[in-house]
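A.B. asks: The structure follows.
Number of protein chains: 2
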Amino acid sequence: MKRFRVVFQPGGREIYIPEGITVKDAINMAGIGFDFPCGGRGKCGKCRVRILEGAGRPTAADKEHLEAGEIEQGIRLACLTIINGDLVVELPYETIPEHKILLATEERSVKIEPHLTKTCVEMDRPSLEDQRSDWQRLKDALVQKNEKYKDLEVPLQILRKLPQTLRAAKYRLTAVTDDRHVLGIEEQDTTGKMLGIAFDIGTTTMVGYLLDLYTGEELSVVSALNPQTRFGADVITRITFAGQEENGLEKLQSAVVEMLDRLVGEAAEKAGVTRDDIYAVTVVGNTCMHHLFLGLNPQYIALSPYVPVVSEPLTFAAEELHINVNPAGRIFVLPNIAGFVGADTVAVLLATEMDWSDRIKLAIDIGTNGEIALGSRDRLVSCSAAAGPAFEGAQISSGMRGAVGAIDHVRFGDGVEYSVIGGGKPKGICGSGLLDAVAGLIEAGIIDKRGRILTPEQLTGTPAERFKDRIVRHEGANAFLLVDGSATEHGRPIMITQRDVRELQLAKGAIATGIQVLLDKYGIGVGDVTEVLLAGAFGNYLDPHSACVIGLIPPELEKKVKMVGNAAGTGAKLALLSQGEFRRAAAIAGFVEYVELGSYPDFASIFANSMSFPTISK
Amino acid sequence: MKRFRVVFQPGGREIYIPEGITVKDAINMAGIGFDFPCGGRGKCGKCRVRILEGAGRPTAADKEHLEAGEIEQGIRLACLTIINGDLVVELPYETIPEHKILLATEERSVKIEPHLTKTCVEMDRPSLEDQRSDWQRLKDALVQKNEKYKDLEVPLQILRKLPQTLRAAKYRLTAVTDDRHVLGIEEQDTTGKMLGIAFDIGTTTMVGYLLDLYTGEELSVVSALNPQTRFGADVITRITFAGQEENGLEKLQSAVVEMLDRLVGEAAEKAGVTRDDIYAVTVVGNTCMHHLFLGLNPQYIALSPYVPVVSEPLTFAAEELHINVNPAGRIFVLPNIAGFVGADTVAVLLATEMDWSDRIKLAIDIGTNGEIALGSRDRLVSCSAAAGPAFEGAQISSGMRGAVGAIDHVRFGDGVEYSVIGGGKPKGICGSGLLDAVAGLIEAGIIDKRGRILTPEQLTGTPAERFKDRIVRHEGANAFLLVDGSATEHGRPIMITQRDVRELQLAKGAIATGIQVLLDKYGIGVGDVTEVLLAGAFGNYLDPHSACVIGLIPPELEKKVKMVGNAAGTGAKLALLSQGEFRRAAAIAGFVEYVELGSYPDFASIFANSMSFPTISK
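As structure tokens, this is what we get:
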């Protein structure tokens, strides 16, 4: 079999690959974090790379998604380009993602109560008068410090190192324990240091927070693209991949586990500590991320009646998943509520303490799936709304993630103003930018209640006449030219097309439906909601006014909107710092009622109503 | 590097080996169970093989241990013969050992109470109205059957197979649990079958008993030579090997674990069941066997103050040691008492119920180390006496194990009568035969109180004159010719040499010392002992009268001797059938006082007295 050399620029990473695989496969093999929103099926046209040397003939998909000039420059879709010779490939800048991750601005107080305990004990040496076994000697010393250790169990791997450790340490060592087991033994007194790391595994982004388990101090924060995006952008694509590809589940699991392990290393390095200092890891994520992380079959989440394998909190040894922390390290996975309302939502509720609130609040975590929870300490209901990937820029003509080069905010004044993440010329538009753009177009009267982009003629004589020239024809419909090709990085224009508006209507309609159904189910009106808590990266970037203009959030609630940052991450941190908070998470998961939107009696009509834009009362 | 072909006869097993290794190494590599009593150091001269083709020059060790005629026939010591060409090697018949293993003749009653529980549950299928997770569904069904399951924990590997199993089984399955964990799930109702296997890992022999965990019925018994004998005959040699050889501990552990696993397979096959039907394994052995089985460093057992790593009972998953039984299978290891009084002694006490006895009993398990326990339900004391390998035929001129060809009993009448295991011509003498022979020689007046073999002249005029011609000179001392070379299988004579008698004196003196020290420590006399329980293979073969004649057992107790078979094995079976008995074993281990013989004040003088033979009162 022939082998070819592929060099990736910038950076010059070089690999040798077998004949006949795709550039996508080569990118994956090289371990480069690259995004294939449609899962690599040539459908989305987003995985552009430029073949600097060795470009072959374009594929049908290339011709469909790329312009002739681009093809001439060597641009190709990585997913379908077969490698038949040595290549030099230029990757777009985004492949090393620089996500803006918002952290919670206000953190709530927590009683620090670590999951593991370190106890330093000093023992008498054995003698002919005191022939207790090594383990008995250690256990007796621990029991002397605390009666609760009298039923302590010890695993074989600790017994295997006990004799040497005991003698090397001259009978003075530190035991790491939970309530029932010895998890580790360390020479001398190491009680001073015990760190933990809290992970929020998002469908798109993974974030880790390294904390001191004694003080709660945050030592470093790390994040990365969830490497599973290689296999598909959203939950459903990944579940399909897990079920249909050979070893699909294993591939997805090892991708996320390896990245998590790498982030652990990064977090330690950034904080100037070692992996060995880390004893506890908490993990939150939606139910699918949860299952894929644990290697649990997610198949039945996606099929009616949408049943997860497990909802309860889980605890196990870090080494069971090959997460390289201290050998005593334990992983604590927060519980799920249902197939599409996962541990991340539990963490949001934990962070926002909605389970203890005496006033009714509405929490929304908007992503590909929007998780919504409503209620107070008396009752909590939740649902998941399938918003689709529009808020993340997918399915949008110039859509992209909230990365460098994305238009993230738009304002309509005399002209159109926008801001670009990282400065410079824009390359596309992300969810928050799209929201602003469409809200602005509605307020300007360019898009009507039903979502139609008006023609230049229809704008004549209205205040929007100034934007008349920006209305262009695209794919047989009207589109709004947001940025001319001359002002973009790649020379292609950035437009809001009629299809983009439709996609956004579907997405926001799904969320709005979820909110309405929960209000219905709870038996209250919008007016009863005292606070709207927006969680997650997108929720914290969007402009609440725009969200209310398009009806993503009921306009009546605009003044009640509060950003709560990455509340899922905050919840993971709380559960890391405190056993009590971890137990409280289990109580929350058991308390929240889950509402299956699809089987809700009035779902269809509520959804139909939620698609249109609210009437603007200026 | 050159490679040579080695063929083993009979059987024709053929392997290719690198140049320069020994025949011993080749035997080990071929996986042949062969015995190297001195650990392969050319000291004992027992590992004779015959090189049929390719024999080279004899080594110094060959010349020391073999006769010229034997060397000419191609006989060599396997341990030191370096292979420098293709070989055909004839192995002695004993290499496939046929041990006679005695089972307990009377078994005591036990309340059957298995460690694991099987519960069959039938569940409602999930629906949009009942979206409980798979695990919640199963757990709820279990809790409905028994409240105790409400805190049941489930490991990841069960969750990983749960969705498929549940659906394949149409929501009817059997859960295997202990009190706190789900250990296994099986489709449909499998509650009818649950087997277990109890192992007694002896320094020399391993025995396994396959039992029905519901009825206690014994389905099969299997045994094999402990393959660690390759690395040394006794506990001390093996501890040395573990400490000094590269990966010595790992080699010893995998040898015994692999053999145990093989015996599990054999036991299942013999009983017409599968490995998957086996859910529980109990293990007893002396402390060193215990440590080596678990991969625990045995080094400090052999060094003063003789401290084991652990004495408590241990429980863990069978797969943790790669024992191939049902995936839910658990291993239960009985507790030790001290470095040289192990779980096998605990099992003997459990089987004989000495912990509940209202009368004082003495239990003796004679092996390389003799474990001795004395007492009643009010108090139990124990010790270990380093008898050395003489009772197992090692260090004895014509000594051999109790295998085919061994003289196992001797009677002095007009002449000398003896029986041979397996019939046919004798090849050597085993421990029980040696005991009879020496006891007979004492009673005949041929050996005096101090252990000297008298000269033919000294026998003149005594009743022993008829044996005068059997007194021969050997290595500058007297020896008694038990079997002439013409009547043995190999043509060499079988003698009781002066050195043999000395070895036996040391061995029996050690045991007698242990008994005396325990009586002293307990503050009682021989007359207070109501029963002497002889456990173990050797204990069940020896003639109690002979044992009393040589003073191995105080002669006053001759009528009180009772054979209890492989009581260690019986204890392992009891602990397998009943959680209560397993817990009782822990109680016994905690109750028994251990006496360190070496540091006992009068040890030296007691030992000196115990070496001589008792005065015979006919």
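So the sequences go chain by chain: A and B.
Residue 776 in our numbering sits at position 456 of the first sequence, with consecutive numbering throughout.
Residue 610 in our numbering sits at position 290 of the second sequence, with consecutive numbering throughout.
Positions of the beta carbon are idealized from the N, C-alpha and C atoms, including for glycine.
(1) What did DSSP end up calling Asn798 (chain A) once you bin it into helix, strand or coil?
(2) Apart from the five residues just before and just after Lys470 (chain A), which ones in its own chain have a Cβ nearer than 7 Å to its Cβ?
(3) Alpha carbon to alpha carbon, how far is Lys481 (chain B) from Phe561 (chain B)? Give it in angstroms, no decimals.
(4) Where does Ala276 (chain A) sit, in a helix, a strand or coil, going by DSSP?
(5) In chain A, which residues lie less than 9 Å from Leu448 (chain B) when you measure between Cβ atoms?
(6) Does the beta carbon of Leu614 (chain A) come closer than 8 Å to any beta carbon on chain B?
(7) List the whole-angstrom C-beta distance separating Ile651 (chain B) from Val601 (chain B), where the pair is believed to meet the contact cut-off of C-beta under 8 Å.
(8) With a threshold of 8 Å between beta-carbons, can Ser718 (chain B) be considered close to chain A, or not?
(9) Got a sec? Which residues, its chain only, sit under 7 Å from Leu583 (chain A) by beta carbon, not counting five neighbours each side?
(10) In the DSSP assignment, find the alpha helix (DSSP H) that holds Phe927 (chain B) and state where it starts and stops.
(11) Taking only runs of the beta strand (DSSP E) that begin and end inside the region 862-933 of chain A, which ones reach a length of at least 3 residues, in chain order?
(12) To the nearest angstrom, report how far apart Asp756 (chain A) and Glu916 (chain A) are at their CA atoms.
(13) Are the region 686-701 of chain B and the region 634-646 of chain B touching, with three or more C-beta to C-beta distances below 8 Å?
(14) Could you pull out every residue in the same chain whose Cβ sits closer than 8 Å to the Cβ of Lys681 (chain A), ignoring the five residues on either side in sequence?
(15) Quick one: grab the DSSP three-state call for Gly563 (chain B).
(16) Leaving out five residues on either side along the sequence, give the residues of the same chain with a beta carbon under 7 Å from the beta carbon of Ile337 (chain A).
(17) Where does the unbroken alpha helix (DSSP H) through Val603 (chain B) begin, and where does it stop?
(18) Ignore the nearest five residues each way along the sequence and tell me which others in Glu384 (chain B)'s own chain have a CB closer than 6 Å to its CB.
(19) Label Arg904 (chain A) either buried or exposed according to how many other C-beta atoms from any shown protein chain fall within 10 Å of its C-beta, with 16 as the threshold for buried.
(20) Just checking: is the beta-carbon of Ala518 (chain A) within a distance shorter than 8 Å of some beta-carbon in chain B?
(21) For the ligand ATP, I want to know if Gln825 (chain A) counts as a neighbour, meaning its beta carbon is within less than 7 Å of at least one of the ligand's heavy atoms.
(22) For Ile814 (chain A), write down the residues that DSSP places opposite it in a beta bridge.
(23) Drop a sphere of 10 angstroms on the beta-carbon of Gln508 (chain B), count the other beta-carbons inside from all chains shown, and report buried for 16 or more, exposed for fewer.
(24) Nearest by alpha-carbon distance to Arg790 (chain A): which of A:Phe800, A:Thr782, A:His865 is it?
(25) Is it right to say Gly466 (chain B) is buried, meaning 16 or more other beta carbons lie within 10 angstroms of its own, or is it exposed?
(26) Is Trp455 (chain A) close to chain B, meaning its C-beta is less than 8 Å from at least one C-beta of that chain?
(27) Output, in chain order, the set of chain B residues within a Cβ distance shorter than 8 Å of Gln619 (chain A).
(28) What residues are listed by DSSP as bridge partners for Tyr529 (chain B)?
(29) Relative to the alpha-carbon of Ala909 (chain B), which residue among B:Tyr920, B:Ser919, B:Gly891 has its alpha-carbon at the smallest distance?
(30) Using beta-carbon positions only, say whether Leu530 (chain B) and Ala588 (chain B) come within less than 8 Å of one another.
(31) Could you tell me the distance, in whole angstroms, from the CA atom of Leu479 (chain B) to the CA atom of Asp685 (chain A)?
(32) Is the region 822-840 of chain B close to the region 921-935 of chain B, with three or more CB pairs under 8 Å?
(33) In terms of residue numbering, what span does the beta strand (DSSP E) encompassing Pro338 (chain A) cover?
(34) Quick one: does Thr425 (chain A) have its CB under 8 Å from some CB of chain B?
(35) So, for Ala424 (chain A): in the same chain, excluding its five sequence neighbours on each side, which residues have a beta-carbon less than 8 Å away from its beta-carbon?
(36) Using a C-beta to C-beta distance shorter than 7 Å, which residues of chain A count as neighbours of Ser631 (chain B)?
C.D. replies: If we stick to the structure as given:
(1) strand
(2) Val463
(3) 42 Å
(4) Residue 276 (chain A) lies beyond the range of chain A shown here (321 to 938); nothing can be said about it.
(5) Ser624, Pro625, Tyr626, Glu916, Gly918, Ser919
(6) yes
(7) 5 Å
(8) It does not: the Cβ of Ser718 (chain B) has no partner Cβ on chain A nearer than 8 Å.
(9) For Leu583 (chain A), where only same-chain residues beyond five positions count, the Cβ hits under 7 Å are Met526, Gly528, Val542, Ala544.
(10) Phe927 (chain B) -> alpha helix (DSSP H) spans 923-931.
(11) Listed in chain order, they are 881-883.
(12) 30 Å
(13) no
(14) Closer than 8 Å at Cβ, skipping near neighbours: Thr672, Met674, Leu694, Gly695, Ser696, Val849, Thr850, Glu851, Val852, Leu853.
(15) helix
(16) Arg323, Phe324, Val326, Ala346, Met349, Ile403
(17) Val603 (chain B) -> not in any alpha helix (DSSP H); beta strand (DSSP E) instead, spanning 598-605.
(18) none
(19) buried
(20) no
(21) No copy of the ligand ATP appears in this structure; indeed no ligand is present at all.
(22) A:Val803
(23) exposed
(24) A:Phe800
(25) As written in the sequence, residue 466 (chain B) is Asn, which differs from the Gly given in the question. Exposed, because fewer than 16 other Cβ atoms sit within 10 Å of the Cβ of Asn466 (chain B).
(26) yes
(27) The contacting residues are Pro483.
(28) B:Ala518, B:Val541
(29) B:Gly891
(30) When the beta-carbon positions are compared, Leu530 (chain B) and Ala588 (chain B) come within less than 8 Å of each other.
(31) 28 Å
(32) yes
(33) 333-338
(34) Caution applies to Thr425 (chain A), whose pLDDT of 46 falls short of 50 and renders its modelled position unreliable; the model cannot decide the point.
(35) With a pLDDT of 45 at Ala424 (chain A), under the threshold of 50, the predicted position of this residue should be treated as unreliable, though the coordinate-derived value follows. In its chain, beyond the 5 residues on either side, Ala671, Val884, Gly885, Asn886, Ala887, Gly889, Thr890 have a beta carbon closer than 8 Å to the beta carbon of Ala424 (chain A).
(36) Ser453, Gln456
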